[in-house]
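All remarks here apply to the structure that follows.
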């Protein structure tokens, strides 16, 4: 028996999943205090990438964030003007710059991530029954598989 949903069912499920993820992302931004930073979601994602990967090149950040080099350059300019990052010549290739976070950037990213994690922990503890935790674990596993999907049809 084929257990895969039909095209109409998977379309509706995809839309419901997208809607739920948008609402959760918005809630996480609000709960973490992200709005108070004055930075956009994209700029904060780039900053988190610098904190996580730094020192790192702009090209590597573009690849990690799945955005164009121009988009990364715009975000990096804002972050540099805010004093959250700095660049230095790559000692192995002086033509490239390595971008590193300022200690304040590292603190900011960790504070935002802690705020998100705190909200999620409280929401899980207060809104899910103990027997639903296994369902959530399975949902996380499925989301990870979707995020890693290599599709042969070339996407949209």
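In the numbering used here, the protein residues as written are 6 to 161.
Even for Gly, the Cβ is constructed at its ideal location relative to N, Cα and C.
Query                                                                                                                                                                          : Result
State the Cα-Cα distance for the pair residue 96 and residue 17, rounded to the nearest angstrom.                                                                              : 51 Å
Give the secondary structure of residue 135 by DSSP, where H, G and I count as helix, E and B as strand, and everything else as coil.                                          : helix
Determine the closest residue to residue 72 out of 82, 50, 58, 83, with distance taken between C-alpha atoms.                                                                  : 50
Please report the distance separating the alpha-carbon of residue 54 from that of residue 109.                                                                                 : 15 Å
Specify the secondary structure class of residue 103 as computed by DSSP and reduced to three states.                                                                          : strand
Within the same chain, show all residues whose beta-carbon is closer than 7 Å to that of residue 64, passing over the 5 residues directly before and after it, in chain order. : 74
Find the nearest neighbour of residue 120 within the set 32, 25, 24, judged by alpha-carbon distance.                                                                          : 32
Does the Cβ-Cβ distance between residue 89 and residue 118 come in under 9 Å?                                                                                                  : no
Given 8 Å as the limit, is there contact between the stretch 23-40 and the stretch 120-129, that is, 3 or more CB pairs closer than that?                                      : yes
Give me the Cα-Cα distance between residue 23 and residue 13, rounded to the nearest whole angstrom.                                                                           : 15 Å
Going by beta-carbon coordinates alone, are residue 60 and residue 103 separated by less than 9 Å?                                                                             : yes
Would you identify the three-state DSSP class for residue 92, choosing helix, strand or coil?                                                                                  : strand
Grab me the residues of residue 91's own chain with a C-beta within less than 8 Å of its C-beta, minus the 5 sequence neighbours each way, in chain order.                     : 85, 104, 105, 107
Given a threshold of 16 other Cβ atoms within 10 Å of its Cβ, counted over all protein chains shown, does residue 80 qualify as buried or as exposed?                          : buried
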